[in-house]
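Novice: With UniProt numbering, the residue at position 53 of the sequence shown is 53, and numbering never jumps.
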Amino acid sequence: MVDSMKNVANLDVELTVEERNLLSVGYKNVIGARRASWRILSSIEQKEESKGNDVNAKRIKEYRHKVETELSNI
1 MVDSMKNVAN LDVELTVEER NLLSVGYKNV IGARRASWRI LSSIEQKEES KGNDVNAKRI
61 KEYRHKVETE LSNI
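1) So, at 6 Å on beta carbons, what are the nonlocal neighbours of Arg34 in its own chain, with the 5 sequence-adjacent residues on each side left out?
2) Use the C-beta contact count for residue 75: other C-beta atoms within 10 angstroms, 16 or more gives buried, fewer gives exposed.
3) Check whether the stretch 48 to 61 touches the stretch 19 to 35, counting contact only when three or more Cβ pairs, one atom from each stretch, lie closer than 8 Å.
4) Let's see if you can read the secondary structure: which residues bound the alpha helix (DSSP H) around Asp12?
5) Which same chain residues end up closer than 8 Å to Glu19 when comparing Cβ atoms and leaving out the 5 residues on each side of it in sequence?
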């Protein structure tokens, strides 16, 4: 979906207001979901570190990095 949105945005034509709004909402939804995941993972990671549970904290940190990579690739 994101690739399709990028292709439309890269066309050398001016988008209509509706098309711009759809593009904006699409990106907002994709980014918003991952940002929410990142915030939750970051919070859980801090709690696990404060408990001294290094094994879980490490797993969560790895998954948080995966979400960060997804955000960067959007």
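All residues carry an ideal CB built from backbone N, CA and C; glycine is no exception.
Specialist: On the basis of the coordinates in this document:
1) The residue given as residue 34 occupies position 34 in the sequence shown. Excluding residues within five positions, the ones whose Cβ falls inside 6 Å are Val67, Glu70, Leu71.
2) Nothing about residue 75 can be read from this structure; the chain reaches only from 1 to 74.
3) no
4) As a position in the sequence shown, residue 12 is number 12, starting the count at 1. Per DSSP, Asp12 belongs to no alpha helix (DSSP H) and is neither H nor E.
5) For this step, residue 19 is matched to residue 19 along the sequence shown. Excluding positions up to five away in sequence, the list reads Val8.
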